[in-house]
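In full-length UniProt numbering, the protein residues as written are 1 to 128.
Cβ coordinates follow ideal geometry from the N, Cα and C atoms, glycine included.
This one's a predicted model, so the numbers in the text were calculated from it and none came from an experiment.
Written below as structure tokens is the structure these notes are about.
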């Protein structure tokens, strides 16, 4: 199951059609590095790319208190992959997500955000 690494949403849509994928798992990690996910039907993928998909952050260890629990997961198309352990008759794909606050700002506790921020700081100091 070899395919080119997708560069954008258009590439993802082509691969979904090519492999007849019906569901995409949206993956992210909590602050302890534990993988979390939820699945969406491919019909909701357009909205996931443009607006993100809401979820209850209070159910994720260390993410949010119950009174501040609304979070948004927005998939990164460059992380798209077909899950190789799924049957070929019903393939499922996955994408890692960036996590946002309801106002659209990055969630400061998202490990991907923390990594990107620290890589930018390191680059400014001359590290590569």
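Residue interval of the alpha helix (DSSP H) (run including residue i)
i           : result
residue 100 : Taken as a continuous stretch (DSSP letters only), residue 100 belongs to no alpha helix (DSSP H), being part of the beta strand (DSSP E) at 92-100.
Residue i classed as buried or exposed, judged by whether at least 16 other C-beta atoms fall within 10 angstroms
i           : result
residue 110 : buried
residue 95  : buried
residue 87  : exposed
Cutoff 7 Å; reference residue i; Cβ partners in own chain excluding five residues on either side
i          : result
residue 41 : 22 and 23
residue 6  : 12, 15, 77, 78 and 80
Bridge partner(s) assigned by DSSP for residue i
i          : result
residue 15 : DSSP lists no partner for residue 15.
residue 74 : 98
is_contact[residue i, chain D] using C-beta, thresh 8 Å
i          : result
residue 32 : Checking the listed chains, one finds no chain D in this structure; it contains a single protein chain.
Unbroken beta strand (DSSP E) run spanning residue i, endpoints
i          : result
residue 36 : 35-41
Residue i vs residue j beta-carbon contact at 8 Å
i          : j           : result
residue 75 : residue 15  : no
residue 69 : residue 58  : yes
residue 33 : residue 100 : no
Neighbourhood of residue i by C-beta, 8 Å cutoff - its chain only, sequence neighbours within 5 removed
i          : result
residue 90 : 22
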